[in-house]
């Protein structure tokens, strides 16, 4: 073999090696026994499932003041795990009220009965049909978890999710449900200009325009809607007390933390469960009594939110 030919073959082999690194590879099955939760990650152009090494240990008992929401999601998930009909779920509402935490807690509740969770980023929803096909033959029951979901106009992943929820020519797999959380009830930005497409009937009624219909069509494909609402002051303090107790503080320390907890919420402009947990973690980290609290009053912050005017 001539030196020129050997050089050509070596260059060709190098080129093929580089191409293989960037061309899509067939998705490989994960180690299903490695975890109860998986993340969908793009590797070499394909969507792969990676086991989560440290799964959140949050339990249903950790979530307070969301009993109606908890009951609805528990019932739907129990039906699903038992092989009975169940719905895809959209959890919407105020930020920090426990939407994502509730899904994680439900996984821990039903993991020993075969429930598994797959977390998918919004950008990877375009590959959702392939992911559903990948797990269709598995004996486990899978919840595809899309956290903090919202879309801008024209995103490809929007139509992919629509198709999987309802509308694809392929039958939906009975071992997969989609649980999504969002601060937007209809998942898309709603603008005043959309209402200009409405028309008036002969009796004066208004028919929604096509733009409005398109914006609500995705959320309507979720069979179950679970709404979360801002917490009242008493609910917020109940959650604070629960987390302080979780961190080992006694009743006297919890009572002493009442006013600092209200000031903490005022500074953050929110009385959410997330804010309550963050306060409890800070308080517990500084000790039961903590550092001396500054003598703060509402006048230092201007107008107080409703329910905080007696701090």
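Numbering (UniProt numbering), first residue to last: 1 to 311.
Heads up, the beta-carbon is just placed ideally off N, CA and C, and yes, glycines get one too.
| query | With a CB to CB cut of under 8 Å and the five nearest residues on each side skipped, what residues in its chain are close to residue 47? | reply | Residue numbering aside, residue 47 sits at position 47 when the chain shown is read from its first letter. Take residue 47, set aside five residues on each side of it, and the residues of its chain with a beta-carbon closer than 8 Å to its own are 27, 40, 41, 124, 127, 130, 131, in chain order.
Along the beta strand (DSSP E) that carries residue 318, what are the first and last residues, could you check? The structure shown has nothing for residue 318, since the chain only spans 1 to 311.
Span separating the alpha-carbon of residue 35 from that of residue 105 | Here residue 35 is taken as the residue at index 35 of the chain shown, counted from 1. Here residue 105 is taken as the residue at index 105 of the chain shown, counted from 1. Distance between the alpha carbons of residue 35 and residue 105: 15 Å.
* Might you give, ordered along the chain, the residues of its own chain that have their beta carbon closer than 8 Å to the beta carbon of residue 238, omitting 5 neighbours on each side? => Here residue 238 refers to the residue found at position 238 of the chain shown. 64, 65.
Exercise. Cα-Cα, which of 263, 265, 240 is closest to residue 253?
Worked result: The sequence position of residue 253 within the chain shown is 253, counting from 1. Comparing alpha carbon positions, the residue from 263, 265, 240 closest to residue 253 is 240.
Within a Cβ cutoff of 6 Å, which residues of the same chain sit near residue 235, ignoring the five residues on either side of it in sequence?
In the chain shown, counting from the first residue as 1, residue 235 sits at position 235. Hits under 6 Å: 65.
According to DSSP, is residue 3 part of a helix, a strand, or is it coil?
Counted from its first residue, the chain shown places residue 3 at position 3. Reduced to three states, the DSSP call for residue 3 is helix.
Here's the rule I'm using: 16 or more other beta-carbon atoms within 10 Å means buried, otherwise exposed. How should residue 119 be labelled?
Residue numbering aside, residue 119 sits at position 119 when the chain shown is read from its first letter. Buried, by the Cβ-count rule.
*If residue 382 and residue 117 are in contact, beta carbons under 8 Å, what's the gap, nearest whole angstrom?*
Summary: the structure shown does not reach residue 382, with the chain confined to residues 1 through 311, and so no result is reported for it.
If we count the other Cβ atoms within 10 Å of its Cβ and call it buried at 16 or more, is residue 96 buried or exposed?
Here the question's residue 96 lines up with position 96 in the chain shown. Under the 10 Å beta carbon count, residue 96 is surrounded by 16 or more other beta carbons and is classified as buried.
So, with DSSP's three-state summary, where would you put residue 81? For the purposes of this step, residue 81 is taken as residue 81 along the chain shown, with counting starting at 1. Note: residue 81 maps to helix in three-state DSSP.
### Task
Taking the CB atoms as reference points, tell me whether residue 135 and residue 176 lie closer together than 8 Å.
Here residue 135 refers to the residue found at position 135 of the chain shown. Here residue 176 refers to the residue found at position 176 of the chain shown. When the beta-carbon positions are compared, residue 135 and residue 176 come within less than 8 Å of each other.
Checklist line | Contact set for residue 169: own chain, Cβ-Cβ below 8 Å, skip 5 residues either direction | finding: By one-based count along the chain shown, residue 169 stands at place 169. In this predicted model, residue 169 has a pLDDT of only 46, less than 50, meaning its place in the structure is not dependable; the value taken from the coordinates is given anyway. Excluding sequence neighbours, residue 169 sits near nothing in its chain.
**Request:** Can you tell me which of the three DSSP states residue 230 falls into?
**Result:** In the chain shown, counting from the first residue as 1, residue 230 sits at position 230. In the structure shown, residue 230 sits in coil (DSSP, three-state: anything other than H, G, I, E or B).
Supposed contact pair residue 178 and residue 91 - C-beta distance, whole angstroms, cut 8 Å: Locating residue 91 in the chain shown gives position 91, counting from the first residue. Locating residue 178 in the chain shown gives position 178, counting from the first residue. Your pair residue 91 and residue 178 does not check out as a contact, with CB atoms roughly 11 Å apart and the cut at 8 Å.
*Would residue 180 be called buried (16 or more neighbouring beta carbons within 10 Å of its own) or exposed?*
In the chain shown, counting from the first residue as 1, residue 180 sits at position 180. Buried, because 16 or more other Cβ atoms sit within 10 Å of the Cβ of residue 180.
- Tell me which same chain residues have a C-beta within less than 8 Å of the C-beta of residue 13, skipping the five on either side of it? Taking the chain shown and counting its residues from 1, one reaches residue 13 at position 13. For residue 13, where only same-chain residues beyond five positions count, there are no Cβ hits under 8 Å.
- Would DSSP call residue 182 helix, strand or coil? Looking up residue 182 in the chain shown gives position 182. The answer is strand: DSSP assigns residue 182 an E or B state.
Practice problem: Would you mind stating whether residue 55 and residue 33 have Cβ atoms separated by less than 8 Å? | Solution: Within the chain shown, residue 55 is the residue found at index 55, counting from 1. Within the chain shown, residue 33 is the residue found at index 33, counting from 1. No; because the gap between Cβ atoms is not below 8 Å, this pair is not in contact.
### Message
I need the DSSP call for residue 10, collapsed to helix, strand or coil.
### Response
Sequence index remark: in the chain shown, residue 10 carries index 10 (1-based). The answer is helix: DSSP assigns residue 10 an H, G or I state.
Best match in 75, 31, 243, 183 for proximity to residue 58 [C-alpha to C-alpha] = Position 58 of the chain shown holds residue 58. When only C-alpha atoms are compared, the closest one is 243.
Exercise. Would you report the Cα separation of residue 111 and residue 141, rounded to the nearest angstrom?
Worked result: The count along the chain shown starts at 1 and reaches residue 111 at position 111. The count along the chain shown starts at 1 and reaches residue 141 at position 141. When rounded, the distance between both Cα atoms is 9 Å.
By the 10 Å Cβ neighbour count, where 16 or more other Cβ atoms means buried, how is residue 98 classified, buried or exposed?
For the purposes of this step, residue 98 is taken as the residue at position 98 of the chain shown. Buried: at least 16 other Cβ atoms inside 10 Å.
For this session: Measuring alpha carbon to alpha carbon, tell me which of 86, 263, 183 ends up nearest residue 93.
Result: One-based indexing of the chain shown puts residue 93 at position 93. For residue 93, the nearest C-alpha among the options comes from 183.
task = In the DSSP assignment, find the alpha helix (DSSP H) that holds residue 128 and state where it starts and stops.
result = In the chain shown, the residue the question calls residue 128 occupies position 128. DSSP places residue 128 in the uninterrupted alpha helix (DSSP H) bounded by 128 to 135.
- For residue 318, which of 72, 60, 50 has the nearest alpha-carbon? Because the chain here runs from 1 to 311, residue 318 falls outside it and cannot be looked at.
Contact set for residue 258: own chain, Cβ-Cβ below 7 Å, skip 5 residues either direction
Stepping through the chain shown from its first residue, residue 258 is reached at position 258. Excluding five sequence positions before and after residue 258, the CB atoms of its chain that fall closer than 7 Å to its own CB belong to 237, given in chain order.
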